[in-house]
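A quick write-up on the structure given underneath.
Number of protein chains: 8
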Amino acid sequence: MSVDDYAQIDFEREQRCGFPEVIYGEGKTPEQIVEIASSIIEHHGCVLVTRLADEGAAAFCQAFDDACYFELPRLAFVDRREDPVTGQSVAEVLDCPDRAEGDVVVACAGTSDLPVAQEAALTARLMGSRVRLIPDVGIAGVHRTLDHVEELQAARAIVAVAGMEGALASLIAGLVDVPVVAVPTSVGYGASFDGISALLGMLNSCAGGVSVVNIDNGFGAGQIADRINRPRWARPETD
Amino acid sequence: MSVDDYAQIDFEREQRCGFPEVIYGEGKTPEQIVEIASSIIEHHGCVLVTRLADEGAAAFCQAFDDACYFELPRLAFVDRREDPVTGQSVAEVLDCPDRAEGDVVVACAGTSDLPVAQEAALTARLMGSRVRLIPDVGIAGVHRTLDHVEELQAARAIVAVAGMEGALASLIAGLVDVPVVAVPTSVGYGASFDGISALLGMLNSCAGGVSVVNIDNGFGAGQIADRINRPRWARPETD
Amino acid sequence: MSVDDYAQIDFEREQRCGFPEVIYGEGKTPEQIVEIASSIIEHHGCVLVTRLADEGAAAFCQAFDDACYFELPRLAFVDRREDPVTGQSVAEVLDCPDRAEGDVVVACAGTSDLPVAQEAALTARLMGSRVRLIPDVGIAGVHRTLDHVEELQAARAIVAVAGMEGALASLIAGLVDVPVVAVPTSVGYGASFDGISALLGMLNSCAGGVSVVNIDNGFGAGQIADRINRPRWARPETD
Amino acid sequence: MSVDDYAQIDFEREQRCGFPEVIYGEGKTPEQIVEIASSIIEHHGCVLVTRLADEGAAAFCQAFDDACYFELPRLAFVDRREDPVTGQSVAEVLDCPDRAEGDVVVACAGTSDLPVAQEAALTARLMGSRVRLIPDVGIAGVHRTLDHVEELQAARAIVAVAGMEGALASLIAGLVDVPVVAVPTSVGYGASFDGISALLGMLNSCAGGVSVVNIDNGFGAGQIADRINRPRWARPETD
Amino acid sequence: MSVDDYAQIDFEREQRCGFPEVIYGEGKTPEQIVEIASSIIEHHGCVLVTRLADEGAAAFCQAFDDACYFELPRLAFVDRREDPVTGQSVAEVLDCPDRAEGDVVVACAGTSDLPVAQEAALTARLMGSRVRLIPDVGIAGVHRTLDHVEELQAARAIVAVAGMEGALASLIAGLVDVPVVAVPTSVGYGASFDGISALLGMLNSCAGGVSVVNIDNGFGAGQIADRINRPRWARPETD
Amino acid sequence: MSVDDYAQIDFEREQRCGFPEVIYGEGKTPEQIVEIASSIIEHHGCVLVTRLADEGAAAFCQAFDDACYFELPRLAFVDRREDPVTGQSVAEVLDCPDRAEGDVVVACAGTSDLPVAQEAALTARLMGSRVRLIPDVGIAGVHRTLDHVEELQAARAIVAVAGMEGALASLIAGLVDVPVVAVPTSVGYGASFDGISALLGMLNSCAGGVSVVNIDNGFGAGQIADRINRPRWARPETD
Amino acid sequence: MSVDDYAQIDFEREQRCGFPEVIYGEGKTPEQIVEIASSIIEHHGCVLVTRLADEGAAAFCQAFDDACYFELPRLAFVDRREDPVTGQSVAEVLDCPDRAEGDVVVACAGTSDLPVAQEAALTARLMGSRVRLIPDVGIAGVHRTLDHVEELQAARAIVAVAGMEGALASLIAGLVDVPVVAVPTSVGYGASFDGISALLGMLNSCAGGVSVVNIDNGFGAGQIADRINRPRWARPETD
Amino acid sequence: MSVDDYAQIDFEREQRCGFPEVIYGEGKTPEQIVEIASSIIEHHGCVLVTRLADEGAAAFCQAFDDACYFELPRLAFVDRREDPVTGQSVAEVLDCPDRAEGDVVVACAGTSDLPVAQEAALTARLMGSRVRLIPDVGIAGVHRTLDHVEELQAARAIVAVAGMEGALASLIAGLVDVPVVAVPTSVGYGASFDGISALLGMLNSCAGGVSVVNIDNGFGAGQIADRINRPRWARPETD
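If you want it as C-alpha cells, here you go:
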C-alpha cells in the first residue's frame, strides 16, 4: 500500500493551527509511521510522534539518525528547523535554550505520573515554550506544593498531572491567576477505574480556571499550554 | 397494621452495638415512625430519627413534646436519659455540656455541604461525643484549611464532608494522625453525578487514614467518629 | 446564623487568582446569597452569582438596585468598579465598551445550548474580555460554521458549547491556532445521558487544542477564556 | 463431537434474509469453523467468516484452496458461485467487476480505523455491492471530507467508520440524502472507553439519517449498506 | 430577540438531504418554535416539529390553522405542498393516499411503545412513504409476530420499536431481507435503565441487518426508513 | 381507538404458561386498562394488574365492583373463578384458604421493602400458592433472620426482598435447600443507585441457589415462586 | 499452611442445603484445591470443583484417579457415592442412567455459549437431575427454537444460556409454564460489555418466569434447576 | 536521574501522621524503590513497601538483608527500630510480641480474599497493633462467623475483607460496638465487576459503624485500624 491508501496528510495544518500534523503512533505499523514522518519532515522540517511502541521507535530512530526518542513518555521527534530543539534526555531538551519562549510549568502529583508529565513537557518545549517540570507534589503533603508557590505564580500556563483523586489541579488553581490544564492519569487501582476518578475530580474542580484533557493525554495538555503561553498575537513575528 | 406487621425492633442493639436502633425515616409513614419511636424511647430512654420528611417531623414533634428537630439536616431526637443532650439549634446542641466526651471535628468544604455535616455532628453529639463544626474550608482556598491545623491535629476523630471533587478528605488526612471519615455529598452538577465524583475521589485518596461512607451519609460518619472518639475500652464506666 | 456560621469568604482570591470569589447560587438560601454578596461588593466593588434560582434572583435584585440579572443563564452581577460592565440584555452587556479587551468568541451548536453559552459570554465579559457570541452552528450543516472561519481565526480564545455528540469543538479546533475551551451541555435525550455523550466526545477530540470543563459549566469556560485572552503578563497595568 | 452436537446451521437463511448464514469465528475451534464452512459451501456455494484468529485462518486456507483471506480485517471467504467475487488484496476484491451493483461508499476517520472499514467494504462487496473506500477523512481537517462531497452525494448508501469522538457520521450525514450507517470503533484511549465515546456520539448525532451498529462491527454495517444499495424490489431478477 | 439571535436556519438542507430542517421542540420557547416554523413553511411549504410540549403545541396550532398535531407522540406538522399529507388522527394520516410511495412497516413490542412508534410512522409518512403500524407484537408471545410474517417480508424497510429487553428487532431481522431500523424505548423500570437495556440488546443483535438509533428516537428511525424505502435513484422524478 | 389498535391480547398464554396475561399498568391509560381487563376476565375469569397508578386504580375499581385493590403494592385483581382468592387487606388475601397449595415464604429486609414484598406475596397467592410474609429481617440484626430458620427451612420456595446491600438473599440461601428468588429493591440512597447495589450483591451471592429478578419486580418473583411451589407435574389435576 | 489457616470447610452444608460445599477453583492453589477436595470427599463421598485452571486440573486428576474432568467448562468432580454419576465426556455423563431424576433442559443460543451450558448441565446432572442439552437455538433463526417446543414444554426446569442480546430466555419463557433460569454469557464484543447486554436483557424480560444468575454462572443455574426439578418434598426418600 | 528528579520524600510525615511515608511499589522501577527506601530507613529506621512486583521484591531483598518480604500480599518491610517487628511468615510476624498493642481483628470471607487480608494485618502489625486474622467466614455459612462472636466483640477495631457481594462487613457490624473498616476485594467474576459489587454492598451497609476503603486496599484498612486501636491520646508515651 502507498501512503495514499491509508492516509491523507494534512499539510495545511501548520498554516491553520500553528504546528504540523502530529503522528499518533498507536495502531500504525512502523512502515506507516516512517513514511508519514518522512513526508511531514520534508514539508515542515519537523515532526512529532506520540504513543510510539518499541518497534515503531526502533524503525523511527533507524530512519532518522537525528531522531530524539524518549522511552518513558514513548515520544519521539525530529527537528530540522533553524535553531532546533534537541537533547539526549528529557532534562536536556527542557534546558535547550533555542526556541524557548515564555514560561510553562508542568507539575505532577506522584512519581508514577512522570511519563505523562514528560509527554506534556516535551510537547510544549518542541512547539516553542520554555518549560519547567515539578515532580511529586501530591496533596498528601500539601507543603510540597506550597513550597513551589512562587514558581507556580510566575508561570504563564500550568499543566497539572495527577492520578487517583486528581486533587492537584484544584490545589494549584486556587493559588494562581493563569489557566490550569489538568491531565488525569490512569495511575491507581480499584475504584480509580483507570483514571476515571481523577478525570471526574478535575472536571468538578471547585477552583476556577481548570480545564481538562483526556486521561493520560500529556500531549494534548502540552499543546494547549504552549498555545496559552505563546499566543499568536503576542509573539514578536508570527504567521 | 400493628408494629409487628411491618417491623421487628432490635432492642438488643444497644447492648451489642452501643446505641439503640436508629430510625431511618425515609419510606416510613408518620404513624410508623411515631410508633417505632415510642417503643424505642420506652426501652432505651432515647431515640434518633434521620431523613425525616416534613410530615414525619410534624407528627414526631406533636407526639413527643420534648423532641429536638432540625430542619436542614432533617434529623430529630428525643433524649430522656439522665443528663440529656438537648438544644434549640444545632449550635446549642453542640454546645450542650452534658455527655460530651473527647473531641470530634466535623469539617465541610462548602456552605452547601452544611446539612450533611450537621447530620454527622448531631449524631456524634447525641451518642456522647464533644463535637466542633468547621464550615467552608474547601481546597480552592487552601489557607482556609491550614488556618485550622491545630484544631484538626488536636481532634481524636475527624469527619470530612465534601461534594464536587471531594479533595478535602485528602488534604486533612495529610495533616493529622487520627482516622478521617470521609462523607461524599451530592453537591455539584454535571459530571459530579450526584456525588460519584466525590465518592471516587475519597476512595482513591493518596493520603493514609481515609475511609469512606455512602454519599450524603452524615449519620454513618457521625456514628463511626463517635466510636473512634469514645472507645468502649477507654471509657471510665461503660456498658 | 451569621455569615461566619456557614461561610468563610476568601477575600484574597482576587489578589491570588485575578477576580473576587464568585457565588455559586445553588443550595444557598436567598439570605445567604445576599449577605455573602454584600460582603464581596464591599471589599471588591463587584460580585458575580451563578446558578441563581428564582427566589434568589428576586432577593438579589431587591437588595441591589443596580443588579444586572439574566433569566436564561440564571446569572446576576453587580459592578460598582470604575467603568463598570452593565446592560439590560445579554446583547447590551456584550456590546458595552468598557473594560473590553482582546477577543473571545463563544460559539454554540444549537438554540438549546444558548443559556450555557450566555453564561460563558457574560462571565468573560464581566471579567474584562471583549466577547462575541455565535449561535446555532452545529455540525449537521457544516457550512454554517465555515461561514464564520475568519471570525474564529481572529479570536484570541474560543469557547465551544454543544450537547448531543459535541462535535463542534473538534470542528472548530481543526480551523484555528488558539485554545478551544469546550463546554458539553446536557441538551439531548436518551443516550446523551444528560451530557455524557458530549463530554466524552470533547475529551476524545482528534483535533489538537481542545480542553474541557464540566457539563453545562459555562461559567468555568468563560473564566478560562478570559484568562487566555487577557494574560496578566500581556496586560498594560495588571495586579 | 459432530456438527450437530454444537451447531444447527440455518440453511434457510439465504431464502429468508438474502445471504447464507455467516460464521462468527470468535470462540469457535478451527475444526468447527472448517466443518461449518464446508456445509455452508455445499449448500450455498459461498461462505463468509468474520473475526478469524490466526489458527482458524490457517485451517481455513488449508481446507479451501480458493479461500480469500485478509489479515487486517481478519475476514475470509470462499465464493464458488457463478461470476465469483475474488482477489488477492482488499483493493483487488473491491475492483473485481463481477456481481458489483449500485454504489456503496465506506469512509473512515483515521488510519487506525482501516481494519473495520475493510471488514465493512469486503462484506458489502461479497454480497453484491460495488464499494469504494475513502480513508483518513477525520474532522480535524474538515476539508479532507469536503473534498469528497460529490463522491459521497453520488452514493446509494454510506458507511462511516470512526473512533474517538466519532463525529464523521454527523459530518457526512449533513451532506447527503441517503442513509449513513455509522460504525464506532474502539480506536482511542482513556475516556474513549474502547469505543463508547464514538458509540454515544453517533447515537446522538444531530444530523438526520444516521443509524448505528455495534462497536467495531464492520460486518454488520457492510451487510446493511448492501441491503440499502441493492433492495430486493429494485433488483433486475431477485429471489 | 430576533430569529438571527438564536438560530441560523439551514434552508439548503432540503437540497442536500431531501427534506427541510426539522424543528426539535425541546428547549425552545413557543415563540421561537412558531417563528422558526414560519420561516421554514415560507421557504419549503412544509414543516415538521418533534418533541413538542403542551404550550408549544398550543402556540403552534394557534399560529397555523392547518396544523396537524398528535398528542401521544408530541409531534406536529404543517403541509402546504401539492397533494399534502394530512389527517385528524394517526390512522387517518397513515391512510392518506397522497405522496405515499413504497412500503414501510413500523412494529412495536408493547402498548407502551406506541408513542415512539407513532413518531416514526408519522415522520416516514410525511416524508413520502406509505406506512403500516403493527402494535403489541412482543417476544413473550412469539406467535403474535409470526402471524405478521408475510406483511413483514413484503416491506421495503422496517422500524422495530421496543423497550425492556428489545428483542423484537432480532426476531424480525431473522425473518426478512430488508434493513431493520431498531428504536430502543425507555419503557421499563429498574435495570432497564431508561432504555439502556433495550439499546444494548439491539446493538448486540445476533441477527444481521439491524442498525440502531437513539433511545425513543422514533423520528430518526422514520426518516431512515423513508430514505431506504424511497431512494433518490429509484424515484420517478426526484429533487 | 379500539383495543385492536393498541393491543393484541395473548389469550393462549394461560394454556402455554399456566396463568392468563397480566396487565402491566404503567404507561397505559385507565380506559386501556379497563378494556383489556374486561377481555381477559371474559376469557379467563380472572385478571391481575400491576403498577397501577391512582387514576387507573379508581377506574378499575369502578368498572369491577368485586375488584381487590392494594395501594401500597399498587396491585389489583379480579377473581371470578370457582373458589376465588379474595380479601380486603393483604393479610386477608394471604389468609384466604381457597386455592392455597404448598408453601411459599416471602421475606423482606426492612419496612421500606414491604410494598415489593406484598406484590410478590399477592401474585403468588392469586396464582394458587399458600404464602407467608416475614417482614424486617435485615442482616444488621442477624438473629432476627435466625429466629425464622425453621419456617424458612420448611418452605418450598422463598422470595427474598432487600434494598441497600441486598445481603438477605445470601443469608437465607445459606440456610435452606430450596431455590431463593431474590428481588433487589430501589430502597436506599446515594451509592445504592436506585437498586443497583442490591442487584449486584444478589447476582454475586456466594451462597448457592439464588437467582435474581429485576429491581422492584415483586410480581416476577411471586410468579416464579408459585411455579416452583406448584409444579405442573406435581399438582393433583392440572392442565 | 494447613487447611485451617486458609479455609473453614462447611461440612454441614449438605445437611442444610442438599449438596456438599462446592470448590470455586479460581484464586486457589492446586495444593489448596486437592486438600480441600480430599476433606470433602472423605466426609461426603463426592466433590465438585468449578473454574479449574490447567494446573489445578492436572493436580486434581493426579490426586484422584477416578476424577472426571471436562476441559471446555473447566469443571471436575469425583463421585464415590453409591450409583455414582460418571463418564468420559459431557455426553456420557448426561447419558449416565444413575441418579437421574426428573427432566431439566439446558438450551444455549450459540456454539460459543456451549462451555457455560455444559457447566450448568454437568452440575445439575451430578446433583441428581436428568439433563438434556440443546445447542445453538438463537433467535436469529426462531424456527430452530420452535422445533424444540415439545421438548421444552415437557421439562420441569429450563436453563437458558445466551450472550449478546440474551433474548433466548424471553423466547423460551413465552412458551412454557416452568421456571426459566437465565444465564447471560460474556460471548460478544463491543457494546456487549462482557455480558452486561445479555444480563440486562434477561433481567428485563417481558415474559414471566425468568430469573437470572451472574454472567457465565452455569454452575449456579444448574444447581437451581436441580432444586426446582427435584424438590425435597417431592422426592421418594430424601435427606 | 537522582531521587530529586522524580521524588520529594515527605520526611515530616511521621511527625504529622504517626508513621513514615509508605512506598507504593506499583509504577516505580526497582532502583527507585531501593533508593527511596534507603532514604526513609536512614531517617526513620523503618520502611514499608506495598504492591511490590517480583523484580522490585528481588532488588529490595538484595539491598536490605534484613528485609521481610511476603509474596502473597506483595508487601515488604525493613524494621531497624528498637524491638523490631519481624518474622519469616505472616503468622510469625503476627505472633511477634514486640510493639504489639491493643487488639485488631482482620476477618475475610473466603480463601481468595486472603492476600488482601494479609496486607491489612501486616500493615497494622508493623505500625504497632496486635493483630489476629480470621479466614474464610463468608455469609453462605453464617455459623462460621457466629462461632467467632466473642473474639470479634473483644476487638478494638475490625477489618472486614470480602469480594462478591461483600456482606461480611454488615454481618460483623451488626454484632459489635467498634468501627468496622471494610475492604472490598476484586474476587469474583461477571457482575462483580472487579470489586464494584462488594464496594457498593459495603457502602450501602444497613448496619452502623462501617466505613470503606478502595477495592483491594488492605494497606489502607490496616493503617486505619491501627489508628483506631492505638490512638495517640490513649498511648502511654507517644510522639
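Chains as they are written, first to last, in the numbering used here: chain A, 1 to 239; chain B, 240 to 478; chain C, 479 to 717; chain D, 718 to 956; chain E, 957 to 1195; chain F, 1196 to 1434; chain G, 1435 to 1673; chain H, 1674 to 1912. Where a beta carbon is used, it is the ideal one built from N, C-alpha and C, also for glycine.
At the 9 Å Cβ level, is residue i part of the contact set with chain F, yes or no?
i, result
"Asp352/B", "no"
"Ser1884/H", "no"
So that I know if they touch, is there some Cβ in chain H lying closer than 9 Å to that of residue i?
i, result
"Leu365/B", "no"
"Cys1303/F", "no"
"Glu1446/G", "yes"
On the three-state DSSP scale, how would you describe residue i?
i, result
"Phe77/A", "strand"
"Ile1353/F", "strand"
"Ile342/B", "In the sequence under discussion, the amino acid at residue 342/B is Asp, which differs from the Ile named in the question. Strand."
"Thr589/C", "helix"
"Ala1190/E", "helix"
"Thr1796/H", "helix"
Just the chain E side, please: which residues come within less than 8 Å of residue i by C-beta, in chain order?
i, result
"Asp614/C", "Tyr962, Ala963, Gln964"
Find the residues of chain A that neighbour residue i, judging by a C-beta separation of less than 8 Å, and give them in chain order.
i, result
"Leu372/B", "Those do not exist, as Leu372/B stays about 20 Å from chain A at its closest Cβ, beyond 8 Å."
Using a Cβ cut-off of 9 Å (strictly closer), state whether residue i contacts chain D.
i, result
"His1577/G", "yes"
"Tyr1503/G", "no"
"Ala1574/G", "yes"
Does residue i have its Cβ less than 9 Å from a Cβ in chain E?
i, result
"Ser1620/G", "no"
What in chain G is Cβ-close to residue i, meaning under 8 Å?
i, result
"Pro1426/F", "Arg1590, Val1612, Ile1662, Pro1665, Ala1668"
For residue i, which residues from the same chain have a beta carbon less than 8 Å from its beta carbon, with the 5 sequence-adjacent residues on both sides left out?
i, result
"Ala1441/G", "Gln1466, Ile1470"
Residues of chain E with CB under 9 Å from residue i, in chain order?
i, result
"Gln1210/F", "Per Cβ cutoff of 9 Å: no residues; Gln1210/F is ~11 Å from chain E at best."
Report the option in the options whose CA atom is closest to the CA atom of residue i.
i, options, result
"Thr1818/H", "Gln1313/F, Asn1424/F, Val1382/F, Gly1369/F", "Gly1369/F"
"Gly698/C", "Lys506/C, Arg558/C, Ser480/C, Leu526/C", "Leu526/C"
"Val1779/H", "Leu1873/H, Leu1725/H, Ile1845/H, Tyr1697/H", "Ile1845/H"
In chain H, what lies closer than 7 Å to residue i by C-beta?
i, result
"Asn1399/F", "Met1837, Glu1838, Gly1861, Ala1864, Ser1865, Ser1870"
"Ile1474/G", "Near Ile1474/G there are no residues of chain H at all, since even the closest Cβ is about 14 Å away, more than 7 Å."
For residue i, decide whether its Cβ has a neighbour in chain B, counting only Cβ atoms nearer than 9 Å.
i, result
"Gly496/C", "no"
Between residue i and the rest of its own chain, which residues show a CB-CB distance below 6 Å, the 5 nearest in sequence each way excluded?
i, result
"Ser1307/F", "Val1382"
Check whether chain A comes within 9 Å of residue i, counting only Cβ atoms and requiring the distance to be less than that.
i, result
"Val527/C", "no"
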